[in-house]
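Here's the structure we're looking at; comments come further down.
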Amino acid sequence: MIDAMNAPLVRSHGRRVAVGAEATAILWLGDDALLTLGDGSVRHMTDAGEVATYPVHGGATLAVCRHPDGRAIVTGGDDGRVCRVMKGGDTLELGRFERRWVEHLVASPASGLIVAGVGREAVVWKRGATAPSHRYATGSTIGGLALDGKGKRLAVAHYNGATLFHASTAGSGRVALDWAGAHLACTMSADGRHVVTALQETGLHGWRLPDLRDMRMSGYAAKTRSFSWDRRGAWLATSGDACAILWPFDGEDGPMDKPALLLAERRGTIVTRVAFHPRGDLLAVGYDDGVVVLTQTGDDRPLLVDDDGSAITALCWNDAGTRLGWGDRDGRIGILDMAVRA
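This is the structure:
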């Protein structure tokens, strides 16, 4: 449990910016941060600290992922549009779905695929395409999407379970993963051996795919909305409690019959976002009271990054692991520069 911490690192190693709308996501293109906001705009924060605003969606931005080419982001909004947005603000509409929201997006640099969750359909764009190539229908509204490390196998969460598809092939066979209840978020291990979904009634459900064996992970105080795998695929960090709950996936059986690792507990709060460092064992954790900390799996002595804000709604490292970005419900954005010396 966290008793006392250092002065916020953002004061000496970063900066804060107010953008006036809730941050729905932060993604990095090199050392530049692109933020999607609840007002439908994209903000571009350069390495020099400059901020540019690009209007993209007519309503809130609901989903975002990095484009497979690494030079842009892909956004989805409640205006039914899917857009590719460059750092300079150039925007290309990839799809438009009348009277439907685009609530989920995933993409793979390995396969070049982009997949959007639109109502009951998973819509797929192949590498370099500017229009959808094919789509998969599900029996209920999609709750989450995930691709494996090769970007070839797609998991779609929905009511009463999830479904697996071969994402690059239209009309390919599907595998049903059944479990009663509403499944509201989804993640898949990079090796494609495990799928994990978040449940409406709190807790997680998982499947070991080689034999379709079920796994149940319980003990959460709130719904899980954030997943993060460590760089080796050995730990899955999750939100939804007063601490970050990490499940071990370093063996063939995954977390079955193994205890979870609990990190950075702060009683009276709920973890809302988690993000593993891309090259190390650091874990960034954001809470519903605006606090952001850094901890690690081998030594849980959290460092305070920020404590001035509201519920953390976005949290992301750049690829080099030199910068951490976060945003909150009230439109405050923070950037931590790990290369700065005090």
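Residues 8 to 349 in the working numbering are what the sequence shown spells out, letter by letter. Don't be surprised by glycine CBs; every beta carbon is placed ideally from N, CA and C.
Thinking residue i and residue j are a contact (beta carbons under 8 Å), I'd like their distance in whole angstroms, please.
i	j	result
Ala117	Gly156	7 Å
Leu99	Thr148	About 27 Å; that fails the 8 Å criterion.
Arg200	Leu216	6 Å
Leu42	Val26	7 Å
His111	Ala70	5 Å
By DSSP's criteria, residue i is part of a beta bridge. Which residues make up the other side?
i	result
Ala144	Glu128
Ala321	Gly334
Cys250	Bridge partners of Cys250: none, in fact.
His212	Thr204, Arg223
Trp108	Trp108 pairs with nothing; no bridge assigned.
Over what stretch of residues does the beta strand (DSSP E) that includes residue i continue unbroken?
i	result
Ser48	48-52
Val17	No beta strand (DSSP E) contains Val17, which is instead part of the alpha helix (DSSP H) from 17-20.
Cys72	68-73
Asp185	181-195
Met224	220-224
Asp313	310-313
Leu120	Segment: none, Leu120 is in no beta strand (DSSP E) and carries neither H nor E.
Could you name the residues of the same chain whose beta carbon sits closer than 7 Å to that of residue i, not counting the 5 residues immediately before and after it, in chain order?
i	result
Arg103	Gly87, Arg88
Asp10	Bear in mind that the predicted position of Asp10 carries a pLDDT of just 48, short of 50, making it too unreliable to give a figure here.
Pro262	Met222, Met224, Trp254, Pro255, Phe256
Ser115	Pro75, Leu154, Gly158
Thr231	Ala192, Ala205, Leu211, Thr245, Ser246, Gly247
Are residue i and residue j close, meaning C-beta to C-beta below 8 Å?
i	j	result
Trp35	Cys250	no
Gly21	Leu343	yes
Leu269	Trp254	no
Ile33	Gly258	no
Tyr294	Thr304	no
Arg107	Gly126	yes
Gly423	Asp313	The structure shown does not extend to residue 423, since the chain is modelled only from 8 through 349, so no value can be given for it.
In its own chain, which residues sit with a C-beta less than 6 Å from the C-beta of residue i, not counting the 5 before and 5 after it?
i	result
Ala228	Asp248
Gly95	none
Val203	Thr194, Leu211, Gly213
Leu289	Leu301, Gln303
Lys265	Pro255
Val182	Leu171
Within the same chain, show all residues whose beta-carbon is closer than 8 Å to that of residue i, passing over the 5 residues directly before and after it, in chain order.
i	result
Ala349	Any answer about Ala349 is weak, because its pLDDT of 48 lies below 50 and its placement is not dependable; what the coordinates show is given next. The residues are Ser19, His20.
The ligand FMN and residue i: does the residue's C-beta get closer than 7 Å to at least one heavy atom of that ligand?
i	result
Arg23	Absent from the structure shown: the ligand FMN. Ligands present: none.
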